[in-house]
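Numbering (the working numbering), first residue to last: 136 to 452. Don't be surprised by glycine CBs; every beta carbon is placed ideally from N, CA and C. On a predicted model such as this, the values are computed, not experimentally measured, just so you know. Worksheet for the structure shown next.
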Amino acid sequence: MTVTTFKPDSAAQAADAVRWALSEGTPLDVAGSGSKRGLGRPIETACTLNLSGLSGVVAYEAEELVLTALAGTPMAEILPMLAERRQQLAFEPQDLGPLLGQPEGQGTLGGVIACGLAGPRRISAGSARDHTLGIAGVNGRGDLYKGGGKVVKNVTGYDVPKLMAGSFGTLTVLTELTVKVLPAPEDCRTLLLAGREDAGAVAALTAALQSPYDVSGAAHLPAAVAARSHVRTVAAAGGAVTLVRVEGFGPSVAARVAALKEELGADAVLDLDESRAVWREVRDVAYFCPLLPTLSCPHPNPPPLTQGRELDSHPRP
Numbered sequence: 136m137t138v139t140t141f142k143p144d145s146a147a148q149a150a151d152a153v154r155w156a157l158s159e160g161t162p163l164d165v166a167g168s169g170s171k172r173g174l175g176r177p178i179e180t181a182c183t184l185n186l187s188g189l190s191g192v193v194a195y196e197a198e199e200l201v202l203t204a205l206a207g208t209p210m211a212e213i214l215p216m217l218a219e220r221r222q223q224l225a226f227e228p229q230d231l232g233p234l235l236g237q238p239e240g241q242g243t244l245g246g247v248i249a250c251g252l253a254g255p256r257r258i259s260a261g262s263a264r265d266h267t268l269g270i271a272g273v274n275g276r277g278d279l280y281k282g283g284g285k286v287v288k289n290v291t292g293y294d295v296p297k298l299m300a301g302s303f304g305t306l307t308v309l310t311e312l313t314v315k316v317l318p319a320p321e322d323c324r325t326l327l328l329a330g331r332e333d334a335g336a337v338a339a340l341t342a343a344l345q346s347p348y349d350v351s352g353a354a355h356l357p358a359a360v361a362a363r364s365h366v367r368t369v370a371a372a373g374g375a376v377t378l379v380r381v382e383g384f385g386p387s388v389a390a391r392v393a394a395l396k397e398e399l400g401a402d403a404v405l406d407l408d409e410s411r412a413v414w415r416e417v418r419d420v421a422y423f424c425p426l427l428p429t430l431s432c433p434h435p436n437p438p439p440l441t442q443g444r445e446l447d448s449h450p451r452p
């Protein structure tokens, strides 16, 4: 089976493609970089609508904590730009490329929102949908439309932008998104509890999450999983590891960590660099990634997709 791929470079062209598919009764596979093809139900279509050509930051208002970008904008472009201003997407978007046999850093903003991906900070900051302020896109009739706006309280009636989070491109071809950004924490520390059985770990995590110390991450790694960590302190624990993350201003973090360490009987406290590394592993489910190096993936650098080009079919597994 061959696949005809359309790669629009404007929202109007995306709308034309949807209207054509509607008139022909042909389903469209909506994709960005294709880094998340392993998620969701398997599909086989004769046509793919590739949105990677819709790329670029439209507006970044750091003082207003708002970012607007085209759906195909790579996260590898967005995240460093936010970091320069000491800001972040607080829902901690996952990079599941390596888990799904793809290179890391290939995801797009549209893919993150369409798949509703969020990381460990979801327990305190919410999910991707809670940070999606506005969208522009093409509906199933080929109509261009917008929903939401650039401020948090902008909705009267049904909140369409939040509906798009987790829809996997089935409701709208997203062409532009506006998301809320927040200041990055000044400091981050992680309490490590070694050797806890599952029941004891659950009790410790429950106590931490119910405490007044504003925990922003909680995880329990069985011994076999902890041993695969690239963070030396975690891998060297020699057994199961229970993690509790605390973030914020330096003095506040220090005080909260000291109180939690005493209450939970923590064995160690990971510093800033170790904390960031281990929570990135947890966020991206890195412990279950294929053991082969990234460059051994079947298609580490897929060829550019152009309108009308015949390509081998790669349906989602």
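Determine the direct distance from the alpha carbon of residue j to that of residue i, and round the result to whole angstroms.
i, j, result
"residue 442", "residue 152", "Low confidence applies here, because residue 442 scores a pLDDT of 34, under 50, leaving its location unreliable; read the following figure in that light. Between residue 442 and residue 152, the C-alpha separation is close to 10 Å."
"residue 234", "residue 168", "15 Å"
"residue 432", "residue 178", "With a pLDDT of only 32 at residue 432, under the threshold of 50, the placement of this residue in the model should not be trusted, and no figure is reported."
"residue 393", "residue 386", "11 Å"
"residue 157", "residue 238", "34 Å"
"residue 277", "residue 283", "19 Å"
"residue 396", "residue 351", "15 Å"
"residue 312", "residue 388", "33 Å"
"residue 382", "residue 216", "21 Å"
Let me know if residue i comes out buried or exposed under the rule of 16 or more other beta-carbons within 10 Å of its beta-carbon.
i, result
"residue 185", "buried"
"residue 248", "buried"
"residue 161", "exposed"
"residue 343", "buried"
"residue 345", "exposed"
"residue 310", "buried"
"residue 219", "exposed"
"residue 348", "buried"
"residue 209", "buried"
"residue 164", "buried"
"residue 255", "buried"
How would you write the range of the beta strand (DSSP E) that residue i sits in, first residue to last?
i, result
"residue 265", "Segment: none, residue 265 is in no beta strand (DSSP E) and carries neither H nor E."
"residue 243", "Counting along the chain, residue 243 falls outside any beta strand (DSSP E), and DSSP gives it neither H nor E."
"residue 406", "Run containing residue 406: none; DSSP gives neither H nor E here."
"residue 132", "This structure does not reach residue 132, given that the chain is present from 136 up to 452, and the question cannot be answered."
For the alpha helix (DSSP H) that contains residue i, what are its first and last residues?
i, result
"residue 323", "From DSSP, residue 323 is part of no alpha helix (DSSP H) but of the beta strand (DSSP E) over 322-329."
"residue 382", "It is not in any alpha helix (DSSP H) - residue 382 instead sits in the beta strand (DSSP E) that spans 376-383."
"residue 158", "146-159"
"residue 333", "333-344"
"residue 369", "367-370"
"residue 215", "210-219"
Does the distance from the C-beta atom of residue i to that of residue j stay below 8 Å?
i, j, result
"residue 325", "residue 296", "no"
"residue 275", "residue 171", "no"
"residue 272", "residue 280", "yes"
"residue 318", "residue 222", "yes"
"residue 401", "residue 328", "yes"
"residue 244", "residue 204", "yes"
"residue 197", "residue 225", "no"
"residue 142", "residue 190", "no"
"residue 322", "residue 231", "no"
"residue 362", "residue 370", "yes"
"residue 379", "residue 340", "yes"
Closer than 8 Å, CB to CB, is residue i near chain D or not?
i, result
"residue 329", "Structure shown: chain D not included; a single protein chain is present."
Quick check on the DSSP output: what are the complete beta strand (DSSP E) runs of length 3 or more inside the segment 281-315, in order along the chain? Segments of the beta strand (DSSP E) lying fully in the segment 281-315: 308-315.
Any beta strand (DSSP E) of 3 or more consecutive residues that is wholly inside the segment 165-200: List check, beta strand (DSSP E) in window: 182-185, 192-196.
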